[in-house]
């Protein structure tokens with residue numbers, strides 16, 4: 001019987017339920033959509049692929065799925081970036097080892113999600129004298145993702161960011177930059193016939209972790225050597241204390257809801 | 271020599287400097303303004319009156335000042351409100367005892383600020399069967415304040431809310447109501463030729479406390495028996511941990527600055 005008998009049950013149901021809620025409330029997916037899921041091998045994007053692959057009946061929407069993995073030319077000796085920059089990858093940009101790709105490919109195949117891997121020479125593209133940094137890597141990969149989507153007729157790109165990512169980004173921008181800014185749950189590109197969606201936006205990381213454990217969704221990422229953003233780690237810890245307690249999920253979802261409505265009542269000048 | 275020799279020096283200078291900064295950056299006071307300061311007897315509004323009374327040379331603006339104190343018909347046996355409501359008074363709506371009024375009057379006279387006291391029967395005005403609550407009290411007092419200002423030709427009403435009040439209100443609304451909402455630093459009323467200003471908006475409470483101690487600015491309020499909002503107290507404690515550290519003031523001012531600019535970059539839908 002092993003571990004399976006003692007695993008938390010219902011974790012998968014929670015993920016499915018809150019993914020459906022996000023999709024329905026924000027109209028993230030429409031009939032006939034062709035959705036490209038950006039997978040890194042990390043648990044978040046893998047759980048995203050799993051959830052979207054089994055939610056067609058619950059959503060009562062017909063949509064196509066495919067997954068794309070972007071490998072980069074990192075290596076272990078890449079060393080310090082000298083800059084933390086945009087860390088929306090959260091240090092999980094993949095080095096694209098064969099082992100990673102195989103595991104990922106196998107999992108996606110089990111779920112009926114076609115898989116493609118493309119290679120982007122992020123480091124090689126750096127201009128003379130420039131150092132590698134998260135912002136550069138992120139923009140390069142995002143550009144290629146968008147290009148692939150447009151060229152292959154996908155109208156939606158799904159990313160695996162979750163509630164904690166969004167709340168952390170919001171607080172980091174609020175406290176460090178002094179701006180009201182986070183990650184959009186739905187972003188329509190002006191110049192391209194593509195929208196970005198984040199269907200896991202209502203899920204806390206711990207709920208995704210529990211689901212991944214319950215459904216044997218392996219973490220297969222060979223993670224980026226440019227590592228974890230220490231500011232984000234610090235903020236994560238502060239938020240855990242600030243919003244801590246049994247109702248932390250509710251508090252975070254209320255914050256998310258505030259970001260959506262964009263009510264501007266009595267913020268500053270009238 | 272007593273305590274004065276050991277008091278923290280410069281607390282008054284900090285208050286003056288950050289009050290000037292708020293006034294100049296947000297254009298809170300203009301040449302010829304007639305400013306009515308709402309004083310409760312609490313340290314915040316008293317420090318506000320002190321600061322505005324001595325800052326004309328620094329601001330190089332001519333303005334008139336007067337102070338108003340609103341007494342209400344509370345008594346100690348008033349008991350529980352049954353509702354926390356709007357607690358922007360922070361439990362310092364004055365019971366208006368003679369002792370309070372005398373102390374306040376004396377201090378304001380020393381600073382050259384004419385003083386008026388008006389009585390508002392907040393409890394008596396309650397409709398049949400209704401219980402006293404902070405929201406009712408607040409709206410009654412605000413209405414009378416506005417009425418007095420308009421009838422007596424004041425174009426500005428100055429309130430003593432500080433940075434911590436604003437940040438707390440912001441977080442309470444964010445986490446409890448799910449809205450982006452705080453206290454405006456400058457609020458122009460649409461229906462009346464009056465604006466509300468909060469010149470202490472850049473100051474943390476501890477800076478005001480230090481200034482009050484340094485300048486013998488007595489707390490004279492006989493405070494409201496409807497007491498302290500426990501949600502606000504809880505939030506104050508959470509914020510102290512969240513934004514804690516040497517740079518807490520800087521973090522809070524950056525949050526304030528975010529509320530001002532109202533940039534809406536990537537909050538939710540495009």
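Chains as they are written, first to last, in the numbering used here: chain A, 1 to 270; chain B, 271 to 540. Think of the CB as a built atom: it goes at the ideal place given N, C-alpha and C, for glycine as much as any other residue.
Item                                                                                                                                         : Value
Length of the line joining the Cα atoms of residue 414 of chain B and residue 391 of chain B                                                 : 11 Å
Cβ-based burial, residue 158 of chain A [other Cβ within 10 Å; buried from 16]                                                               : buried
Distance CB(residue 433 of chain B)-CB(residue 258 of chain A) smaller than 8 Å                                                              : no
Residues near residue 419 of chain B by beta carbon distance below 6 Å, same chain, minus five either side                                   : 306, 427, 464
is_contact[residue 511 of chain B, chain A] using C-beta, thresh 8 Å                                                                         : yes
Neighbour list for residue 508 of chain B in chain A, Cβ cutoff strictly below 9 Å                                                           : 241, 242, 243, 244
Chain B contact for residue 272 of chain A (CB, 8 Å cutoff)                                                                                  : Any property of residue 272 of chain A remains undetermined from this structure, which presents chain A solely from 1 to 270.
Cβ pair residue 48 of chain A, residue 199 of chain A closer than 8 Å                                                                        : yes
Cβ-Cβ separation, residue 43 of chain A to residue 212 of chain A (assumed contact under 8 Å), whole Å                                       : 4 Å
Residue-level contact to chain A via CB, residue 347 of chain B, 8 Å cutoff                                                                  : With a pLDDT of 39 at residue 347 of chain B, under the threshold of 50, the modelled position of this residue cannot be trusted; read the value that follows with caution. Closer than 8 Å: no.
Coil, strand or helix - residue 154 of chain A by DSSP                                                                                       : coil
Three-state class that DSSP yields for residue 64 of chain A in the structure shown                                                          : strand
Closer than 8 Å to chain A by CB, residue 280 of chain B                                                                                     : no
Run of the alpha helix (DSSP H) containing residue 308 of chain B, from where it starts to where it stops                                    : Note, residue 308 of chain B: premise wrong, no alpha helix (DSSP H); beta strand (DSSP E) at 304–308.
Straight-line gap, residue 435 of chain B to residue 400 of chain B (C-alpha atoms, nearest Å)                                               : 28 Å
The alpha helix (DSSP H) enclosing residue 20 of chain A, as first and last residue numbers                                                  : 11–25
Spatial distance of residue 117 of chain A from residue 127 of chain A (CA atoms)                                                            : 25 Å
Cross-chain neighbours of residue 445 of chain B in chain A, by beta carbon under 8 Å                                                        : 243, 251, 254, 255
Buried versus exposed, by CB contacts within 10 Å (16 or more), residue 282 of chain B                                                       : buried
Residue 14 of chain A versus residue 370 of chain B - alpha carbon distance                                                                  : 58 Å
Neighbour-count burial assignment, residue 243 of chain A, 16 or more Cβ in a 10 Å radius                                                    : buried
Residue 500 of chain B, enclosing alpha helix (DSSP H) - first and last residue                                                              : 500–512
Chain-order list of residues whose beta-carbon lies under 8 Å from that of residue 505 of chain B (same chain, five-residue window excluded) : 438, 441, 442, 445
Below-8 Å beta-carbon distance, residue 478 of chain B vs any chain C residue                                                                : Note that chain C does not occur in the displayed structure, where the protein chains are A and B.
Residue closest to residue 335 of chain B, alpha-carbon to alpha-carbon, out of B:296, B:385, B:287, B:327                                   : B:385
Short Cβ contact (8 Å threshold) for residue 304 of chain B with residue 425 of chain B                                                      : yes
Whole-Å CB distance - residue 416 of chain B paired with residue 288 of chain B, under 8 Å assumed                                           : At roughly 27 Å, the Cβ-Cβ gap does not stay under 8 Å, so residue 416 of chain B and residue 288 of chain B are not in contact.
Length-filtered (3 minimum) beta strand (DSSP E) runs lying within the stretch 110–154 of chain A                                            : 115–120
Residues bridged to residue 69 of chain A (per DSSP)                                                                                         : A:117
Chain-order list of residues whose beta-carbon lies under 8 Å from that of residue 83 of chain A (same chain, five-residue window excluded)  : Here residue 83 of chain A scores only 39 on pLDDT, less than 50, and its place in the model should not be relied on; the value that follows carries that caveat. Closer than 8 Å at the Cβ level, and outside the excluded window around residue 83 of chain A, lie 131, 133, 134, 135.
Residue 230 of chain A, buried or exposed, once every other Cβ within 10 Å from all chains shown has been counted against 16                 : exposed
Close beta carbons around residue 22 of chain A, own chain, < 6 Å, minus the five adjacent residues each side                                : 199, 201, 202
Beta-carbon proximity of residue 311 of chain B to residue 374 of chain B, cut-off 8 Å                                                       : yes
Helix, strand or coil at residue 316 of chain B [DSSP, three-state]                                                                          : helix
Same chain, Cβ closer than 7 Å to residue 215 of chain A, neighbours up to 5 away in sequence not counted                                    : 12, 50
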